[in-house]
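Per the UniProt record's numbering, the sequence shown starts with residue 1, numbered consecutively.
Positions of the beta carbon are idealized from the N, C-alpha and C atoms, including for glycine.
Model, not experiment: these values are computed from the prediction.
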Amino acid sequence: ASTSSACGSTISTSGASFTSPTSPYNVAGQCIVTLAPPAGTCQIRLDFETFDLLGPIEGDCTNDTFVVVGANEDGTEIPTLCGENGGQHMYVHIDNSEGPYQLIATTSAADYDRDWDVKVTYIGCDEDCAPNRCLQYHEETTGSIESFAFPTMLNNIKYAICFGYVADYCDIGMDFTRFDLGAIQRPCTNDWLLVGTEKICGDFLDTTAQANATAGPISLVVMTDDDGSNVEEGFSGTYTMMGC
(Lines of atoms letter the chains of each structure in order from A; the text may use other names.)
(Lines give C-alpha, C1' and ligand atoms only; values in the text may rest on other atoms or scores of the structure.)
Protein backbone atom coordinates (compact mmCIF):
# COMPACT_ATOMS: atom_id res chain seq x y z
CA ALA A 1 0.00 0.00 0.00
CA SER A 2 1.22 3.47 -0.79
CA THR A 3 1.97 5.86 2.02
CA SER A 4 1.80 9.64 2.02
CA SER A 5 4.66 11.75 3.24
CA ALA A 6 4.31 15.07 4.99
CA CYS A 7 6.57 18.11 4.92
CA GLY A 8 10.02 17.44 6.34
CA SER A 9 9.84 13.69 5.90
CA THR A 10 12.00 11.30 3.88
CA ILE A 11 10.69 8.94 1.21
CA SER A 12 12.68 5.72 1.11
CA THR A 13 9.92 3.41 -0.12
CA SER A 14 9.08 3.18 -3.80
CA GLY A 15 5.42 3.92 -4.41
CA ALA A 16 5.04 6.41 -1.58
CA SER A 17 3.55 9.83 -2.28
CA PHE A 18 4.42 13.44 -1.49
CA THR A 19 1.11 15.06 -0.59
CA SER A 20 -0.04 18.51 0.43
CA PRO A 21 -0.45 18.84 4.23
CA THR A 22 -4.20 19.29 3.77
CA SER A 23 -6.57 19.15 0.82
CA PRO A 24 -7.23 21.86 -0.07
CA TYR A 25 -4.15 23.69 1.21
CA ASN A 26 -4.09 27.48 1.48
CA VAL A 27 -1.05 28.39 3.56
CA ALA A 28 2.07 30.34 2.60
CA GLY A 29 5.32 28.49 3.15
CA GLN A 30 7.65 25.79 1.93
CA CYS A 31 7.11 22.05 2.07
CA ILE A 32 10.16 19.82 1.49
CA VAL A 33 10.53 16.06 1.30
CA THR A 34 13.84 14.29 0.85
CA LEU A 35 14.09 11.34 -1.52
CA ALA A 36 16.24 8.44 -0.30
CA PRO A 37 16.37 5.93 -3.16
CA PRO A 38 17.84 2.51 -2.40
CA ALA A 39 21.27 1.58 -3.74
CA GLY A 40 21.21 0.69 -7.42
CA THR A 41 18.55 3.26 -8.33
CA CYS A 42 19.18 5.11 -11.61
CA GLN A 43 15.92 6.99 -12.07
CA ILE A 44 13.02 8.36 -10.09
CA ARG A 45 9.61 8.57 -11.73
CA LEU A 46 7.24 11.21 -10.40
CA ASP A 47 3.55 10.76 -11.20
CA PHE A 48 1.41 13.81 -10.56
CA GLU A 49 -1.78 12.03 -9.45
CA THR A 50 -3.06 15.43 -8.33
CA PHE A 51 -1.24 18.69 -8.88
CA ASP A 52 -2.91 22.07 -8.55
CA LEU A 53 -0.81 25.07 -7.59
CA LEU A 54 -1.46 28.73 -8.37
CA GLY A 55 -0.80 29.15 -12.07
CA PRO A 56 1.87 31.16 -13.88
CA ILE A 57 1.73 34.85 -14.73
CA GLU A 58 2.78 35.49 -18.34
CA GLY A 59 4.55 32.13 -18.28
CA ASP A 60 6.49 32.62 -15.04
CA CYS A 61 5.80 30.71 -11.81
CA THR A 62 5.91 33.87 -9.71
CA ASN A 63 3.63 32.74 -6.86
CA ASP A 64 3.79 28.99 -6.29
CA THR A 65 6.59 26.65 -7.41
CA PHE A 66 7.38 22.95 -7.41
CA VAL A 67 11.04 22.08 -7.96
CA VAL A 68 13.19 18.96 -8.01
CA VAL A 69 16.73 19.49 -6.74
CA GLY A 70 19.90 17.40 -6.72
CA ALA A 71 19.42 15.39 -9.90
CA ASN A 72 19.91 15.36 -13.69
CA GLU A 73 23.56 16.28 -13.86
CA ASP A 74 23.56 15.12 -17.49
CA GLY A 75 22.44 18.63 -18.38
CA THR A 76 18.75 17.88 -18.71
CA GLU A 77 16.82 20.71 -17.13
CA ILE A 78 13.92 19.89 -14.84
CA PRO A 79 11.39 22.70 -15.25
CA THR A 80 10.02 24.61 -12.30
CA LEU A 81 6.32 23.81 -12.24
CA CYS A 82 3.14 25.56 -11.16
CA GLY A 83 -0.47 25.54 -12.27
CA GLU A 84 -2.47 22.41 -13.08
CA ASN A 85 -0.42 19.30 -13.89
CA GLY A 86 -2.62 16.41 -12.83
CA GLY A 87 -1.93 13.33 -14.95
CA GLN A 88 1.57 14.45 -15.92
CA HIS A 89 4.77 12.60 -15.06
CA MET A 90 8.52 13.07 -15.21
CA TYR A 91 11.63 10.95 -14.98
CA VAL A 92 14.45 12.23 -12.79
CA HIS A 93 17.88 10.87 -13.71
CA ILE A 94 20.16 10.34 -10.72
CA ASP A 95 22.83 7.94 -11.99
CA ASN A 96 25.36 10.77 -12.41
CA SER A 97 24.53 12.77 -9.31
CA GLU A 98 25.00 12.32 -5.59
CA GLY A 99 22.01 14.24 -4.23
CA PRO A 100 20.59 15.03 -1.78
CA TYR A 101 17.38 14.76 -3.78
CA GLN A 102 14.48 16.88 -2.69
CA LEU A 103 10.99 17.84 -3.82
CA ILE A 104 10.15 21.39 -2.76
CA ALA A 105 6.68 22.92 -2.98
CA THR A 106 6.66 26.64 -2.22
CA THR A 107 3.30 28.36 -1.79
CA SER A 108 2.67 32.09 -1.74
CA ALA A 109 0.32 34.11 0.44
CA ALA A 110 -2.15 34.41 -2.44
CA ASP A 111 -5.59 33.01 -1.67
CA TYR A 112 -5.86 29.74 -3.60
CA ASP A 113 -6.92 26.18 -2.83
CA ARG A 114 -3.86 24.06 -3.61
CA ASP A 115 -3.65 20.30 -3.72
CA TRP A 116 -0.89 17.89 -4.70
CA ASP A 117 -0.23 14.17 -4.61
CA VAL A 118 3.03 13.14 -6.28
CA LYS A 119 3.77 9.42 -6.42
CA VAL A 120 7.47 8.53 -6.19
CA THR A 121 8.73 5.38 -7.92
CA TYR A 122 12.37 4.29 -7.70
CA ILE A 123 13.65 2.54 -10.84
CA GLY A 124 16.71 0.31 -10.59
CA CYS A 125 19.54 0.55 -13.09
CA ASP A 126 18.72 -2.99 -14.25
CA GLU A 127 15.05 -2.16 -14.83
CA ASP A 128 13.26 -0.56 -17.78
CA CYS A 129 14.65 2.97 -17.62
CA ALA A 130 13.71 5.95 -19.71
CA PRO A 131 16.37 6.95 -22.29
CA ASN A 132 18.92 9.54 -21.25
CA ARG A 133 17.79 13.15 -21.41
CA CYS A 134 14.10 12.19 -21.53
CA LEU A 135 12.00 14.06 -18.98
CA GLN A 136 8.84 12.24 -20.07
CA TYR A 137 8.68 8.75 -21.54
CA HIS A 138 5.75 6.93 -23.13
CA GLU A 139 5.88 3.21 -23.86
CA GLU A 140 2.21 2.62 -24.68
CA THR A 141 1.05 2.60 -28.32
CA THR A 142 -1.35 5.46 -27.66
CA GLY A 143 -1.65 8.12 -25.00
CA SER A 144 -1.91 11.79 -24.11
CA ILE A 145 0.71 14.50 -24.45
CA GLU A 146 0.30 17.93 -22.96
CA SER A 147 2.56 20.80 -22.01
CA PHE A 148 3.04 21.49 -18.32
CA ALA A 149 0.59 24.00 -16.78
CA PHE A 150 -1.71 23.81 -19.82
CA PRO A 151 -3.45 26.07 -20.84
CA THR A 152 -0.60 28.45 -20.02
CA MET A 153 2.83 27.80 -21.54
CA LEU A 154 5.74 28.12 -19.13
CA ASN A 155 8.80 30.22 -19.97
CA ASN A 156 12.43 29.10 -20.09
CA ILE A 157 11.89 25.39 -20.50
CA LYS A 158 13.68 22.82 -22.60
CA TYR A 159 12.91 19.15 -22.24
CA ALA A 160 12.24 16.02 -24.25
CA ILE A 161 9.13 13.87 -24.44
CA CYS A 162 10.27 10.43 -25.61
CA PHE A 163 8.49 7.40 -26.98
CA GLY A 164 9.70 3.85 -26.60
CA TYR A 165 10.35 1.56 -29.54
CA VAL A 166 7.57 -0.94 -30.11
CA ALA A 167 8.07 -3.81 -32.55
CA ASP A 168 6.12 -3.52 -35.82
CA TYR A 169 5.37 0.17 -35.31
CA CYS A 170 7.25 2.55 -37.60
CA ASP A 171 5.60 5.96 -37.21
CA ILE A 172 4.03 8.09 -34.53
CA GLY A 173 1.13 10.37 -35.35
CA MET A 174 0.22 13.29 -33.12
CA ASP A 175 -3.18 14.94 -33.08
CA PHE A 176 -3.31 18.20 -31.14
CA THR A 177 -6.70 19.56 -30.13
CA ARG A 178 -4.92 22.78 -29.13
CA PHE A 179 -1.49 24.00 -30.18
CA ASP A 180 -0.36 27.51 -29.30
CA LEU A 181 3.35 28.26 -29.36
CA GLY A 182 3.21 31.87 -30.51
CA ALA A 183 3.23 33.29 -33.98
CA ILE A 184 3.99 31.20 -37.03
CA GLN A 185 7.60 31.88 -37.99
CA ARG A 186 9.88 30.38 -40.60
CA PRO A 187 12.06 29.22 -39.05
CA CYS A 188 10.64 28.99 -35.53
CA THR A 189 12.98 31.00 -33.31
CA ASN A 190 11.26 31.75 -29.98
CA ASP A 191 9.06 28.90 -28.82
CA TRP A 192 8.75 25.59 -30.65
CA LEU A 193 8.18 21.87 -30.58
CA LEU A 194 10.76 19.79 -32.42
CA VAL A 195 9.12 16.73 -33.99
CA GLY A 196 11.80 14.56 -35.56
CA THR A 197 13.72 17.18 -37.53
CA GLU A 198 10.84 19.63 -37.96
CA LYS A 199 10.25 22.61 -35.68
CA ILE A 200 6.58 23.49 -35.20
CA CYS A 201 5.32 26.81 -33.87
CA GLY A 202 2.22 28.92 -34.35
CA ASP A 203 -1.34 29.07 -33.07
CA PHE A 204 -3.78 26.35 -34.19
CA LEU A 205 -7.07 25.07 -32.86
CA ASP A 206 -6.06 21.66 -34.13
CA THR A 207 -3.06 20.37 -36.02
CA THR A 208 -1.32 17.09 -36.69
CA ALA A 209 2.29 15.97 -36.91
CA GLN A 210 4.03 12.73 -37.74
CA ALA A 211 7.47 11.31 -37.05
CA ASN A 212 9.26 8.17 -38.19
CA ALA A 213 10.44 5.73 -35.53
CA THR A 214 12.43 3.25 -37.59
CA ALA A 215 15.73 4.86 -36.61
CA GLY A 216 15.05 4.39 -32.92
CA PRO A 217 13.02 6.05 -30.19
CA ILE A 218 11.38 9.35 -31.14
CA SER A 219 11.63 12.41 -28.97
CA LEU A 220 9.73 15.68 -29.02
CA VAL A 221 11.81 18.60 -27.77
CA VAL A 222 9.84 21.41 -26.11
CA MET A 223 11.58 24.79 -26.12
CA THR A 224 10.42 28.20 -24.89
CA ASP A 225 12.19 31.51 -24.31
CA ASP A 226 11.81 33.96 -21.43
CA ASP A 227 9.05 36.08 -22.98
CA GLY A 228 5.58 35.00 -21.96
CA SER A 229 3.83 38.29 -22.72
CA ASN A 230 1.91 36.63 -25.57
CA VAL A 231 0.31 34.32 -23.00
CA GLU A 232 0.59 31.24 -25.17
CA GLU A 233 -1.48 28.21 -24.18
CA GLY A 234 0.96 25.41 -25.04
CA PHE A 235 -0.24 22.12 -26.50
CA SER A 236 -2.63 19.31 -25.68
CA GLY A 237 -3.39 16.20 -27.69
CA THR A 238 -2.83 12.52 -28.24
CA TYR A 239 -0.25 10.33 -29.94
CA THR A 240 -0.72 7.03 -31.72
CA MET A 241 1.99 4.63 -32.86
CA MET A 242 1.28 3.39 -36.38
CA GLY A 243 2.17 0.05 -37.90
CA CYS A 244 4.78 -0.38 -40.59
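{"Check": "Through-space distance from asparagine 156 to alanine 183, alpha-carbon basis", "Outcome": "17 Å"}
{"Check": "Three-state secondary structure assigned by DSSP to glycine 196", "Outcome": "coil"}
{"Check": "Collapsed DSSP secondary structure at methionine 242 in the structure displayed", "Outcome": "strand"}
{"Check": "Contacts around glutamate 232, its chain only, beta-carbon distance under 7 Å, and the 5 residues preceding and following it disregarded", "Outcome": "Met153, Asp180, Leu181, Gly182 and Asp191"}
{"Check": "For glutamate 77, the nearest candidate out of Ala110, Val67, Tyr112 and Glu84 (CA to CA)", "Outcome": "Val67"}
{"Check": "Alpha carbon of aspartate 227 to alpha carbon of alanine 149, nearest angstrom", "Outcome": "16 Å"}
{"Check": "Of the listed residues Pro131, Pro79 and Ala211, nearest to methionine 174 (C-alpha basis)", "Outcome": "Ala211"}
{"Check": "Serine 5 classed as buried or exposed, judged by whether at least 16 other C-beta atoms fall within 10 angstroms", "Outcome": "buried"}
{"Check": "8 Å CB neighbourhood of serine 20 in its chain, flanking five on each side removed", "Outcome": "Cys31, Ala105, Arg114, Asp115, Trp116 and Asp117"}
{"Check": "Validate contact between the region 81-93 and the region 131-145 using beta carbons, cut 8 Å, 3 pairs", "Outcome": "yes"}
{"Check": "Beta-carbon proximity check, threonine 65 vs threonine 50, cutoff 7 Å", "Outcome": "no"}
{"Check": "For glycine 237 and glycine 196, the rounded distance between their alpha carbons", "Outcome": "17 Å"}
{"Check": "Run of the beta strand (DSSP E) containing threonine 177, from where it starts to where it stops", "Outcome": "169-181"}
{"Check": "Spatial distance of residue 259 from methionine 242 (CA atoms)", "Outcome": "What the structure shows of the chain is the stretch from 1 to 244, and residue 259 is not part of that stretch, so it cannot be assessed."}
{"Check": "Neighbour-count burial assignment, glutamate 98, 16 or more Cβ in a 10 Å radius", "Outcome": "exposed"}
{"Check": "Residue range of the unbroken beta strand (DSSP E) whose run includes glycine 202", "Outcome": "202-204"}
{"Check": "CB-CB length for arginine 133 against alanine 160, believed under 8 Å", "Outcome": "6 Å"}
{"Check": "Alpha-carbon to alpha-carbon, proline 187 and proline 38", "Outcome": "46 Å"}
{"Check": "Proximity below 7 Å, CB of proline 100 to CB of proline 217", "Outcome": "no"}
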